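Chains as they are written, first to last, in numbering that gives the first Met the number 0: chain A, 0 to 117; chain B, 0 to 1044.
Input: a single structure, listed below in structure tokens.
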Amino acid sequence: MIHLAMATGFLLILIGFYGAVSNRNILRMIVAFTIADSGVNLVIVAIGYMPGRTAPILDATVKAGYAAARIIDPVPQALVLTAIVIGVGVTALMLAYAYKLYEKKRSLDIAKFTELRG
Amino acid sequence: MLSPLYLVAAALAASFTLGLLNPKRSGAAYAITLVTLAFMAWVPAGWLWGFMAEGAQPVEIYTAGALPPYAINLRMGLAEAAMTLLITLTGLLSALYLKESLIKLGHRGMAVLMVALMAFCGIVLTRDLFNLFVFFELAAISTAGLILLSEDERALSAGFKYLIVSQLVSTFLLIGILFAYHASGTLNLDTMASARLPHGSAPSFALAFFLMFIALVTELKPFPANGWALDIYESAHPAYSALFSAAAATASLYAVDKLLLVGGPGWYPMATGIGITTFLAANLFALPQGNDRRLLGYSSLAQIGLILVVLGQRDLLGEGTPFIAFGLLVSHAVAKAGLYWLSGLVGGRSLTDWAALRGRPLLVFAFISFVAMLTSLPPFPGFYAKWELVRVLAGEGRLALLALILIGALVEAGYLFRWFGYMLKREAPAEAVNGEPHQVVPVYVAVLAGWVLGYFWGELSGVGLGHHNLLLSLPLAFALGFLLLDWLPAWVKNTLAITGMVAFFFLTYAEYDPLRLIFALIFLIGGAITLLASYDAHGRRIGFYPAAMLMYAGMVMLVRANDSFEFFAAWELLTLGSYFLILRGKHSEPHALSYILFSLGGAFLILAGFALAAGGAAQFPITALGQVAPAVAPWVFLLLATGFMTKTAAIGLHIWLPGAHAEAETDVSPMVSGILLKAGLFGLFVLLMAMGKQRLYGVELTHVLLWVAAFTALLGNLMAVFQEDAKRLLAYSSIGQMGYALFGLALMNHLGWLMALMFVINHYIYKSMLFLSVGGVAKRTGTREMYRMGGLIRLMPLSFIAVLIGIIAISGVPPLSGFGGRWIFYNAILASDYRLPMVILFLAGPVAFLYLFRLIHSIFLGQLKDELRRVKEAPFWIALPQMLYVGLLLAFALAPGLALRRVDTYLNLFFPEGGLHWEGFEITSDYGYWNPVAIMIVVAVIFVSLFAWLLFVNRRAQKVKQFNIVFSAERPFRPETTHFAWNFFAPYRKALGFLVQPYATTFWGALTDFLHTAGDLARRLYDGNGQSYALHFLAFVVIVFGVGV
């Protein structure tokens, strides 16, 4: 199960990277990056998963005293939240860029924005 | 001391406050921003003061009420305080610079700026990996936001390319961090370094570390994954570029450094490899670059690469790493921020457009200070850092890396000094510099900071390594003082300079040994006499005196240097000063560039030689050169000798000299020829005194020098013969003369050295004199082409006398001092047994007659040209020193013992055999005697009789007009070709011309062309497409992984 999740995560990352470098349309590139982001998040969660344990929520079934032995690692789960938030921020910024770039040249082809080079 | 958390809190609070403010009140928002940024700079400033002056200890700042690794902690130590201060100050000054643009953008732009600075500070302060990731993402988002706000439309695409790469980077970083956490059980940098990895997880930790490392290193813009950064540097507002180059790079470097401490020495080679590749590639690509901001971008990449190399050499540098890394970092940050701010004042984007700055001497001073900082010249921090880095690398035998660093540094100096030449010499664009106070102030602050840091680094190097603080040495301080006095009229400054030099000589003359005394005399008193000619200049002569005095200061410090550090610092100072002097000539831009490049190349050889000799020791007295281990001694000799020979223009390394000496101003030519060349000879004296004969693979190196010297003398003289330009003729003649002096040294016997010293004195006197007379003639006639002159003997009698005396002295015929040189030379030859190079040197003698005859014949004899009938004698102040030199030459000819006797005794220390015997006017050697006074009388009698006879015989001679021997009915296309003085020695050229083909010039030209072409081809890698840049990054990862693992 954990390997499947992790493999899926890495697959998503690769798909995302491939999409980002093979699509010339800026919007498609942004979508590809969000796919890669999802893959990253999946990998993170998979890293924190430990077989046979429960969610890291302390309640009646999981007493605080035994928690260390019964719950999975909560740190990656906490971190993935932050990662998601940051991912949203970056995606929003990229979309803003896409909008401005389209305004400038009426095109979303990344290969048309190469006036800076060398 | 305020908690470092205020750095984060203040930025966030102010940003949110701005959001609440009425958007129309931009002025108020701007005020809040400035106050906040000033506060943010105040916090680390207080800490830095605490650490430096009050002995405070580093502190950990815990958050969330728990200790690490359960919560994030920040650290404030000396390094953090220095870096956050650098970041926040750059931010504050950039904000000041951006006044109009920020007020126009409104509060959003200001908020983004503050968040960016907060993120950079956070990267420096945090000790938590995930927190590091968060700050990096914040930095990326705010950076992209800032770029989005730039006015240049092209910045849009640059920002997007940056986001593409930063997406890839953050993916690697995040996954790396999480796997590292998985393997080590912690996110805290300090505990991760010491965490005991569970059995079997070491390889997976290594892989995780690789992912993190490669991601953070990419933030340093390594080759080839750096096209995106160049596009930003080129298109963003220069104030933002200043931020990226100075502040963002600082933060990223420290992040990599922290990570490297976790990874340990196993990862150092990878950092070194990436760093040096980037350093070399970026400098190479910068060569053909024409856009100023992109050029600065390339230079930034290179500098950061170099610092990465330093971090990668931590295993060798140890405790000294911060001294070097910070030295390079502050030099880079201050200079680059300053240059980017300057670029905002210049209207055009081409390098030559910077000529607009020329009208503002203070800005020119700022520019050259920045260039000197980037090229690690004294007295800036980079100089101390360079010295230390080279010392350790050579001491530990990492010579290949050392060579690569020096090559890259030379290329960088090439494009930076070329740019400086453009600024001073190219036609200024119509659009003048529009410097508003708020834009100029940051530049001045940067300049001031650079000099203060230079002083500070000097102090540090004094504490740690026992070196003298260069800025505290009297000669340099005296020279720099002229920067403050530059508003005075030239004659006042000239008087001050002469007084200072003479006074310094009389204060110190008791401290020199006889040999050094001769050099000190030439540098100080000789320099003062030459300066008399400078009274001829009018107005303020901005920039002349600081440059000239810098050169003299360097030469004096060279004579007074005790250890290799002082010697090398003096060497670079005199090089820099003379470069500025040479650059002042009207057409000297390309020649000054080739001069500084050859000189810096030579200086690097000297640096490497000293470092190799020291074998890692911090202090290395010059005299210890004699005790260098036999295994490296010949290599040290080779490096040092080649370095010194670039200054004396030995054949093959001579191509800079003719242009540099000929194109210099009238009173500068004698300084750089008569005086400066002696610095190289002094170096050779010192070297040979300490090291003596050395053998490399069975070849005796002094023997090689002998051959080089013989060919230098012959070819230098031969090239002088075929010149049309009188000053060029003199310049080539100097090459030949230096060949003679080198030959004497390389003979390695008593008389050989005495002869070399005789040449040192003679060449100073007659070459200074000749350059002044020819310069005076050129000034009056408006040309330096000899065939355009002629018959000036009646109009310029004083100049004629000077030239006549000068050529008699040079040619070595009796009765003047040149003969004394020859006489000692013949004795020295008899005492040694190298026959073949001697034959070549003998051949050079008659060749000298040819060009000397031409000099006096074409200029002063023959018929006067129509257009020159009203020419007057040279100006008083140019003629006066010439007459002094005539007196000196006669005095030295009559009584050479005044100068040489004590040295002769002194040389007995090195060569007890073969000295001279001095008695009254008579000098006796093992082979014969020489009585200067008797010779003088004999020659005078013969001359007067012959002259009277000639006058009698020629009383009815018929005079011929010049041009009518060829013109019959038509005027030829180039009339000068029919003039008898044009191509005067055509038959000789036919016979010997093959010897003076410009092989050396062709070789060096081809080398620079090759570098340019290679750089120009390779930089096409950066095709401007964001997807290519993404692929570059992926390729970079794969390559580093492949090579590293």
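Beta carbons are placed, not taken as given, at the ideal position from N, Cα and C, and that holds for glycine.
A quick note: this is a predicted structure, and the numbers were derived from the prediction, not measured.
Residues near residue i in its chain [Cβ-Cβ closer than 7 Å; skip 5 each side]
i: histidine 1031/B; result: Pro223, Ala224 and Gly226
i: valine 720/B; result: Val846, Leu849, Tyr850, Phe984 and Tyr987
i: serine 165/B; result: Ala139
Buried/exposed call for residue i, threshold 16 Cβ in 10 Å
i: asparagine 468/B; result: buried
i: glutamine 693/B; result: buried
i: isoleucine 56/A; result: exposed
i: histidine 1011/B; result: exposed
i: isoleucine 936/B; result: exposed
i: proline 202/B; result: exposed
i: isoleucine 140/B; result: buried
i: glutamate 571/B; result: buried
i: serine 124/A; result: This structure cannot settle anything about residue 124/A, because the visible part of chain A is limited to 0 through 117.
i: tryptophan 948/B; result: exposed
i: leucine 26/A; result: exposed
i: glutamate 912/B; result: exposed
i: arginine 292/B; result: buried
i: tyrosine 1021/B; result: buried
Check whether residue i and residue j have beta carbons under 8 Å apart
i: alanine 898/B; j: isoleucine 581/B; result: no
i: alanine 659/B; j: leucine 549/B; result: no
i: methionine 511/B; j: valine 555/B; result: The amino acid occupying residue 511/B in the given sequence is tyrosine; methionine does not appear at that position. Cβ atoms of tyrosine 511/B and valine 555/B: not closer than 8 Å.
i: tyrosine 765/B; j: alanine 808/B; result: yes
i: alanine 489/B; j: arginine 539/B; result: yes
i: methionine 500/B; j: alanine 536/B; result: no
i: isoleucine 806/B; j: isoleucine 674/B; result: no
i: valine 995/B; j: leucine 714/B; result: yes
i: leucine 116/B; j: alanine 10/B; result: yes
i: proline 380/B; j: valine 329/B; result: yes
i: isoleucine 71/B; j: phenylalanine 132/B; result: no
Contacting residues, own chain, Cβ-Cβ under 6 Å from residue i (five flanking each side not counted)
i: alanine 560/B; result: Phe566 and Ala569
i: valine 79/A; result: Asn40, Ile43 and Val44
i: lysine 98/B; result: His437
i: phenylalanine 710/B; result: Ile650
i: serine 593/B; result: Trp655
i: alanine 878/B; result: Leu797
i: tryptophan 418/B; result: Leu350
For residue i, the residue or residues it bridges with in DSSP
i: asparagine 72/B; result: Tyr61/B
i: tyrosine 594/B; result: Note: tyrosine 594/B sits in no beta bridge, so no partner.
i: isoleucine 70/A; result: Thr53/A
i: tryptophan 929/B; result: Ile922/B
i: threonine 320/B; result: Partner(s): none; threonine 320/B has no beta bridge.
i: leucine 695/B; result: Val698/B
i: histidine 916/B; result: Thr923/B
i: aspartate 108/A; result: Asn24/A
Residues near residue i in its chain [Cβ-Cβ closer than 8 Å; skip 5 each side]
i: asparagine 930/B; result: Phe920, Glu921 and Ile922
i: alanine 332/B; result: Leu85, Thr89, Ser244, Ala245, Ala246, Ala248 and Thr249
i: valine 363/B; result: Leu356, Arg357, Met422, Leu423 and Gly542
- Message: Between the stretch 72-89 of chain A and the stretch 163-179 of chain B, can you find at least three pairs of beta-carbon atoms closer than 8 Å?
- Response: Contact between the stretch 163-179 of chain B and the stretch 72-89 of chain A is present, because at least three Cβ pairs lie under 8 Å.
- Are at least three pairs of beta-carbons, each pair with one atom in the stretch 596-612 of chain B and one in the stretch 632-642 of chain B, less than 8 Å apart? Note that the stretch 596-612 of chain B touches the stretch 632-642 of chain B; at least 3 beta-carbon pairs, one per stretch, sit closer than 8 Å.
- Inspect the CB distances between the stretch 102-112 of chain B and the stretch 54-67 of chain B and report whether three or more fall short of 8 Å. Output reads no: the stretch 54-67 of chain B does not touch the stretch 102-112 of chain B.
- Task: Tell me, please, whether the stretch 535-551 of chain B touches the stretch 930-950 of chain B by the rule of three or more beta-carbon pairs shorter than 8 Å.
- Result: Touching, no.
- Task: Say whether the stretch 294-306 of chain B touches the stretch 273-283 of chain B, bearing in mind that this needs 3 or more beta-carbon pairs closer than 8 Å, one atom from each stretch.
- Result: Counting Cβ pairs under 8 Å, three or more are found: they touch.
- Any chance the stretch 489-500 of chain B sits against the stretch 723-734 of chain B, with 3 or more Cβ pairs inside 8 Å? Taking a contact to require three or more Cβ pairs closer than 8 Å, the stretch 489-500 of chain B and the stretch 723-734 of chain B do not qualify as touching.
- With a cut-off of 8 Å, do at least 3 Cβ pairs link the stretch 853-863 of chain B to the stretch 775-795 of chain B? The stretch 853-863 of chain B is in contact with the stretch 775-795 of chain B.
- Can you find at least 3 beta carbon pairs, one from the stretch 806-824 of chain B and one from the stretch 754-773 of chain B, that sit closer than 8 Å? A contact exists between the stretch 806-824 of chain B and the stretch 754-773 of chain B.
- Report yes or no: do the stretch 408-419 of chain B and the stretch 367-375 of chain B share at least 3 C-beta pairs separated by less than 8 Å? Touching, yes, given that three or more Cβ pairs across the two stretches are closer than 8 Å.
- Message: For the stretch 1011-1028 of chain B against the stretch 146-161 of chain B, do three or more pairs of beta-carbon atoms, one drawn from each stretch, fall closer than 8 Å, so that the two count as touching?
- Response: The answer is yes - the stretch 146-161 of chain B touches the stretch 1011-1028 of chain B, with three or more Cβ pairs under 8 Å.
- Does the stretch 11-31 of chain B come close enough to the stretch 56-75 of chain A to have 3 or more Cβ pairs within less than 8 Å? At 8 Å Cβ cutoff, the stretches do not touch.
- Message: Using 8 Å as the cut-off, can you tell me whether the stretch 381-396 of chain B makes contact with the stretch 306-323 of chain B, which would need three or more C-beta pairs spanning the two stretches below that distance?
- Response: In short, these stretches touch, since the Cβ pair count reaches three.
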